[in-house]
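Everything on this sheet refers to the single structure shown next.
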Amino acid sequence: MAPNGIEWEASMNSKALAERISRLVVEKKAYDVIVMDLTKIASFTDFFVICSVDSDHQAKAVLDHLDEQLHSVDAVKPWHVEGGSGSSWVLMDFIDVVVHLFRPEAREFYSLEKLWADAGTTRIEDSVEEKS
């Protein structure tokens, strides 16, 4: 059950969802995309998908693409979205996967990769994955 009490049934497992999201953000030219596996170190989510965008327009394009593709194709909707126009950090919470869209300066400031350094990390390079 989702934290807001609404019944929630995943149409795909959290790893598959994180991988799908990472491919979708690359399609809209988000860059420096990583998937962090938090399953062994956190209880609030399984994966982070972290990426950078250069403008509000690009962030909106990525969010719209995720919403359109995940909702219409995969029947998956975010539980919560934080941030928006003018924000340097936008978060989409899918319960088991949390997506972070950062402007580069905010990403450096908040340093989630360093904060969660014990997580397994997969870097996504233009649709080619490299494990670290």
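Going letter by letter, the sequence shown gives residues 1 to 132 in our numbering.
Just so you know, even glycine gets a beta-carbon here, dropped at the ideal spot from N, CA and C.
Residue i lies in the beta strand (DSSP E); which residues open and close that run?
{"i": "Phe109", "result": "Note, Phe109: premise wrong, no beta strand (DSSP E); alpha helix (DSSP H) at Pro104 to Tyr110."}
{"i": "Ser22", "result": "Ser22 -> not in any beta strand (DSSP E); alpha helix (DSSP H) instead, spanning Ser14 to Glu27."}
{"i": "Asp37", "result": "Tyr31 to Asp37"}
{"i": "Thr122", "result": "Gly120 to Glu125"}
{"i": "Phe47", "result": "Phe47 to Ser52"}
{"i": "Val81", "result": "His80 to Glu82"}
On a Cα-Cα basis, can you pick out the residue from the options that is closest to residue i?
{"i": "Asp118", "options": "Gly83, Phe47, Val53 and Glu27", "result": "Phe47"}
{"i": "Ile41", "options": "Gly120, Glu125 and Ile124", "result": "Gly120"}
{"i": "His65", "options": "Val81, Lys15 and Leu24", "result": "Leu24"}
{"i": "Trp79", "options": "Lys15, Ser87 and Met92", "result": "Met92"}
{"i": "Glu68", "options": "Asn13, Lys15, Arg123 and Arg20", "result": "Arg20"}
I need the straight-line Cα distance from residue i to residue j, nearest angstrom please.
{"i": "Pro94", "j": "Leu38", "result": "One point to set straight first is that residue 94 is Phe, not Pro, in the sequence displayed. About 14 Å."}
{"i": "Pro104", "j": "Val53", "result": "7 Å"}
{"i": "Glu125", "j": "Val90", "result": "21 Å"}
{"i": "Phe44", "j": "Val35", "result": "16 Å"}
{"i": "Val62", "j": "Gly84", "result": "12 Å"}
{"i": "Ser134", "j": "Lys28", "result": "Nothing about residue 134 can be read from this structure; the chain reaches only from 1 to 132."}
{"i": "Asn13", "j": "Gly86", "result": "32 Å"}
{"i": "Arg123", "j": "Val26", "result": "12 Å"}
{"i": "Ala75", "j": "Ala16", "result": "14 Å"}
{"i": "Ala106", "j": "Ser72", "result": "31 Å"}
{"i": "Ala18", "j": "Leu70", "result": "11 Å"}
Please list the terminal residues of the continuous alpha helix (DSSP H) segment that includes residue i.
{"i": "Leu63", "result": "Asp56 to Glu68"}
Run through the DSSP bridge pairs and tell me what residue i is partnered with.
{"i": "Trp89", "result": "Phe102"}
Touch test, the region 42-61 against the region 90-109, Cβ-Cβ under 8 Å, three pairs minimum: yes
At least 3 beta-carbon pairs within less than 8 Å: the region 51-65 vs the region 108-115: no
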